Each structure stands twice: as structure tokens, then as C-alpha cells.
Amino acid sequence: MTETTDRIIALGDVEKRYGAVRALNGVDFAVAPGECVGLVGHNGAGKSTLMHVLAGITIPDAGTISADGAAEGGYSVQRAHALGVRCVFQELSLCPNLTVAENTRVSHFALSGLGWARRAGELIRGMLDRIFPGHGIEPGDVVGDLSIGRRQMVEVARAFTLTDAPLRLVILDEPTSSLDAHAAGQLLGFVRRSVDEGVSCILISHLLDEVLSTSDRIVVMRDGKVVASDAAVRFDRARLVETMGGSGRAPVERAAAERTQGPEMVRARPSVQADGTELVARQGEVIGLAGLAGHGQTRLLLEIFEAAGARSPLVTVAAPAALVPGDRQADGIFPLWSIADNICVRSLARLRRGLFVSAEREAELARFWQQRIGIRTPDLGNNILSLSGGNQQKALFARALGSDARIILMDDPMRGVDVGTKLEVYDLIAEEARRGRTFLWYTTETEELDNCDRTYVFRNGRIVAALDRSELTEQRVIQSSFDDAPA
């Protein structure tokens, strides 16, 4: 670690409580100029809370904050911005009703006077071109009309734009969680170039390979504490997982022969598919949807979900379906409800006792799935927003799997979920598939496709390849994503 006076910002013995939950428990953390610090830990370890303190959003209950070796009094968002601290949040903070250029203006008060919209548009377009060549985003696009992946690109690009305020430290909280492998590679390459030019970064990611390949130093948190801090070259994947408190085991290999092929549950054809190619999913199968983000995977999942309750000329669905969305804030959680209510809302019909929903049955269902999927909370009656992002996602899994749905549609659902939980969910999916449930799983993480029996690759809204497990390689997926290959 560098000397105290050579730190952009340093936290000493910081504590933060939310009711009975101690989110930060005596944390020491510092960032030096021109370094990339990887920050890892399971969901609820305190990573996002720590970053909110650094960004000035959260006031700690105890501890010290210093910048450039001098103690800070009354540290705030404005002070952090003046020091050159920017943050890309796990839960995106863009205003959906504003354009891309207008959202850029929100972060840069210097963009004022006549012609500010043009200057803001040029600023954000230039940074998008640097980070994500070929992004396809226009400054006049309304953010709410963009896919979640493109929204994430805008938020990242906005954090790196520069006007009158300095740029010294960029906090990236799960910045690739909604990006496909190609865009994620573009971003991580840009991060390394920025660090080489003297900008510091904090990279929070549950994709451990990203952290290992991009960081100079890695800090591991567990239960609100820093439990390890060392040069990145001293870590490998196994040590990281072990330090985080996991087993370090790999996903269990599942042979297709473990399950008997059942009847057809879903048959669907994208509306722009001219050659008649269809997606087919049978009972007990786990079907992957792959390809670059925004190429029709989510659209087809939504069409299948809608067809489960209505007739469709392009989609046939043989059983009730449930959707696990990737954009949990916009499409998943009910933010004013409790954790238990969010879990049980899909199952209200079978929780009734007479004319009313039974509170006892609701509590029993919520407790069962809390234990089975490992939702970390002292009280299921707490508001859903009291959970970390990853634990909110677990609640959405619990909602779908606790329902009567025989078809589970998953729209890149592992956003912000730690590696240990991912392995548990993979096993849970395999178990539920053996029991006869059918899964359709869109993922931007290529390695997750290893859990699928068959994978359909999408390009420009069409299915361009159907790969059995024996044919599946990252190279085949990438090639199909960029080449207009026949199905």
C-alpha cells in the first residue's frame, strides 16, 4: 500500500448499520493514484455500501474519511465529485424519461447556455465511441427506450466524461452485468488503458476472471469486513473463492442422459425468422439463448411468457410460465412490499384459505424458499429494498420456483449474483429440471451455457445457430453472433 499522503481517498474503521444489519464493521480501505482495485465478496458482504460511502451518498455511523492525506469533515456527494470521484451504480441511476444527452447534462453543470444539448451529445457520443465502438446509441435516444445493456453503456460512458470537474477515481459496481462478452471486453480493455493513463478504478464484479485479469490489487470482503487485501498476481480463482468463504468447487457436470426427454413444452419462432427455424423446449430441458445483447433473446422470452396466457400464431406454450427478469428494479421487485410479499405474489391463488390469503401459508412458503435459496435477511417482513442486489435477485428466483409454473423463463438473471450463489442456483436449476420443469435461459455469460442441454444463438432478432451440448464452444457462439450463419 502506498503512503497515506499518496492516496486519493482512504477510509478508516468505517461502520454502518441498517437496523439490526451491520453492513460495514470497522472497514479500512484506500485507493492510490493509477491503480485498479478489484473488490469481491458474496452478496451482502458490504461492497455496495462501502462504495456509497466513498461516493458520498451514505454517511457512515463511525470512522474517518480522508482525501490526499487530509481528514474530510462533512464528506458529501458534492465533495466527492469535486475530488474527482465518479460512480457507476449496480442499480442504474439514469433518468429514464430523459435523453442520453440530457442525462449527461445531469452530471455536468458546466454544460449550460446556448448549445448545451449539442455539446452534451458530442461529449457522450465521443466517450461511447472510445469505450464501445459500434454501440448504436444516439444522444437523442430516450434512455427508457434503450435495452438494459445499452443503458449500462451510457452510465459507464457518462462516468468517464470530463468537463470542468477532475476525473481521478471511477467506481464500477458490476459494470458488465448487463453487457455481452464482446461489450464487456471492450469496457475492461478501456479500464486498463485509463489506469495506465493515471485514472484509478474500483472494479466490483462477481465474474472473478474479470477481477483477476483487470485489477492491480484485490480486496475481499465478508460480513461487512475486509478479510484480505493483496496484489492481484497473488490470487487465483480458487484462493478468491476460499477467501470469500466459498468451497471453490466447479459447477457439477450434468449429462443429458440423467433426464428422460419429455413432451414438448414450448415451440416458438421469432417474428422476423424467414426460414421457419423454431426454438423447441421439452419437459425437463434447460435451453440456452445466446448471442450479443439486444438481438431478440429477451423479446422472444417475453412473447413466450405472454403466450402462456393467450393464443399466439408464432408461439405454443403447454403449461404455466414464470419469468425471472434481469432488470429487477424495472421489471421484478415491488419496491414498497416486504420480502415475503415479493416472494409469494405469484402464488396467491394457492395460498388462500377460503376467500382470503392465509398469512401462515404465505410465511411458510417464504421461509422455505429463503432457506432453500439462501436469502440473507434477519426478517422476511423487511422491505425488499433492505436486501442487497444479489439477494433481491434470489427473491425473484424464489417467486418463480415457488409458484406452480412448469416453464421458467430467465432473462440474464445472474446480474450481480456472487459466484457461490451462482453454483447453488445452477444445482437448483438442474434439480428442478430433473423433476420435470423446463428452463429457457438467456445469459450474457458464455460459461453459463455449459449448464444447458441445447443453445440457440440469436443475431438481428433471428435464430442463426442451434448447438447441442457436444457442439457448444465459446468460439462457435461468438462466430455465430457475428457471422450471418445459417441455422
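Per the numbering used here, the very first residue in the sequence shown carries number 1197; after that it's consecutive.
A virtual CB, placed ideally from N, CA and C, is assigned to each residue, including glycine.
Predicted model only: the values in this text are computed from it and were never measured.
Own chain partners of residue i with C-beta closer than 6 Å, once the 5 adjacent residues on each side are dropped
{"i": "Lys1590", "result": "Ile1569, Ile1571"}
{"i": "Leu1519", "result": "Phe1501, Leu1605"}
{"i": "Lys1421", "result": "Asn1221"}
{"i": "Gly1441", "result": "Arg1418"}
{"i": "Asp1143", "result": "The chain is shown only over 1197 to 1683; residue 1143 falls outside these bounds and no answer can be derived."}
Neighbour-count burial assignment, residue i, 16 or more Cβ in a 10 Å radius
{"i": "Ile1255", "result": "exposed"}
{"i": "Arg1546", "result": "exposed"}
{"i": "Gln1274", "result": "exposed"}
{"i": "Pro1509", "result": "exposed"}
{"i": "Asn1239", "result": "buried"}
{"i": "Asn1299", "result": "buried"}
{"i": "Thr1151", "result": "Outside the shown range of the chain (1197 to 1683) lies residue 1151, about which nothing can therefore be said."}
{"i": "Arg1611", "result": "buried"}
{"i": "Val1448", "result": "Note that Val1448 scores a pLDDT of 43, beneath 50, so its modelled location is shaky and nothing firm can be said."}
{"i": "Gln1671", "result": "exposed"}
{"i": "Leu1497", "result": "buried"}
{"i": "Ser1666", "result": "exposed"}
{"i": "Leu1663", "result": "buried"}
{"i": "Ser1244", "result": "buried"}
{"i": "Leu1475", "result": "buried"}
{"i": "Arg1354", "result": "buried"}
{"i": "Gly1237", "result": "buried"}
{"i": "Pro1466", "result": "buried"}
{"i": "Leu1384", "result": "buried"}
{"i": "Leu1645", "result": "buried"}
{"i": "Gly1265", "result": "exposed"}
{"i": "Pro1574", "result": "exposed"}
Spatially closest choice to residue i from the options, by CA coordinates
{"i": "Leu1408", "options": "Arg1418, Asp1426, Lys1421", "result": "Asp1426"}
{"i": "Val1416", "options": "Gln1567, Arg1633, Arg1655, Leu1246", "result": "Leu1246"}
{"i": "Asp1471", "options": "Gly1215, Gly1237, Arg1658", "result": "Arg1658"}
{"i": "Ser1676", "options": "Tyr1652, Arg1665, Asp1664", "result": "Tyr1652"}
{"i": "Thr1639", "options": "Phe1530, His1491, Arg1633, Ile1529", "result": "His1491"}
{"i": "Leu1365", "options": "Thr1372, Ser1390, Val1660, Met1349", "result": "Ser1390"}
{"i": "Arg1650", "options": "Glu1641, Asn1656, Ala1661", "result": "Ala1661"}
{"i": "Ala1226", "options": "Asp1202, Glu1558, Asn1579, Gly1385", "result": "Asp1202"}
{"i": "Gly1222", "options": "Leu1488, Leu1207, Tyr1214, Gly1230", "result": "Leu1207"}
{"i": "Ile1529", "options": "Glu1556, Arg1557, Glu1406, Asn1579", "result": "Asn1579"}
{"i": "Thr1473", "options": "Phe1654, Val1217, Asp1432", "result": "Phe1654"}
{"i": "Pro1362", "options": "Pro1609, Ser1303, Met1349", "result": "Ser1303"}
{"i": "Val1217", "options": "Ser1584, Arg1630, Glu1620, Ala1559", "result": "Ser1584"}
{"i": "Ala1477", "options": "Gly1487, Arg1507, Ala1515", "result": "Ala1515"}
Beta-carbon contacts of residue i that lie in its chain and below 7 Å, excluding the five residues immediately before and after
{"i": "Thr1198", "result": "Interpretation of Thr1198 is limited by its pLDDT of 42, a score under 50 that renders its predicted location unreliable; the figure taken from the coordinates is listed afterwards. Counting only Cβ-Cβ distances below 7 Å, and skipping sequence neighbours, we find Ala1228."}
{"i": "Arg1301", "result": "Leu1307, Trp1312, Ala1316"}
{"i": "Arg1524", "result": "Gln1588, Gln1589, Leu1592"}
{"i": "Ala1446", "result": "Here the model assigns Ala1446 a pLDDT of 44, short of 50, so the residue's position is not dependable, and the following value carries that caveat. Here the set comprises nothing."}
{"i": "Ile1625", "result": "Val1482, Phe1635, Asn1647"}
{"i": "Ala1297", "result": "Ala1313, Ala1316, Gly1317, Ile1320, Pro1335, Gly1336"}
{"i": "Arg1548", "result": "Ser1554"}
{"i": "Ala1253", "result": "This sequence places Ile at residue 1253; Ala is not what is there. Around Ile1253: Val1273."}
Cβ shell of residue i (< 8 Å), same chain only, five flanking positions each side left out
{"i": "Ile1195", "result": "The displayed coordinates of the chain run from 1197 to 1683. Any statement about residue 1195 would go beyond what the structure contains."}
{"i": "Ala1258", "result": "Asp1209, Val1210, Glu1211"}
{"i": "Arg1347", "result": "Leu1288, Leu1290, Val1339, Ser1374"}
{"i": "Ser1396", "result": "Ile1204, Val1227, Ala1228, Pro1229, Gly1230, Glu1231, Cys1232, Val1233, Arg1364, Leu1365, Val1366"}
{"i": "Gln1382", "result": "Ile1327, Phe1328, Pro1329"}
Integer Cβ distance of residue i from residue j, believed to fall under 8 Å
{"i": "Leu1561", "j": "Ser1543", "result": "6 Å"}
{"i": "Thr1410", "j": "Cys1232", "result": "6 Å"}
{"i": "Arg1595", "j": "Asn1538", "result": "7 Å"}
{"i": "Leu1235", "j": "Ile1398", "result": "6 Å"}
{"i": "Pro1479", "j": "Gly1598", "result": "Per the sequence presented here, residue 1479 reads as Gln, with Pro not at that position. Contact doesn't hold; Cβ gap of about 20 Å is too wide."}
{"i": "Glu1370", "j": "Ile1414", "result": "Not a contact, Cβ separation roughly 16 Å."}
{"i": "Val1281", "j": "Ala1251", "result": "6 Å"}
{"i": "Gly1345", "j": "Ala1489", "result": "4 Å"}
Any non-hydrogen atom of the ligand ATP closer than 7 Å to residue i Cβ
{"i": "Ala1506", "result": "This structure simply doesn't include the ligand ATP, nor any ligand for that matter."}
**OP:** Examine the Cβ distances between the stretch 1478-1498 and the stretch 1552-1569 and report whether three or more of them are shorter than 8 Å.
**Re:** no
Original post:
Are three or more beta carbon pairs between the stretch 1265-1283 and the stretch 1315-1332 nearer than 8 Å?
Top reply: no
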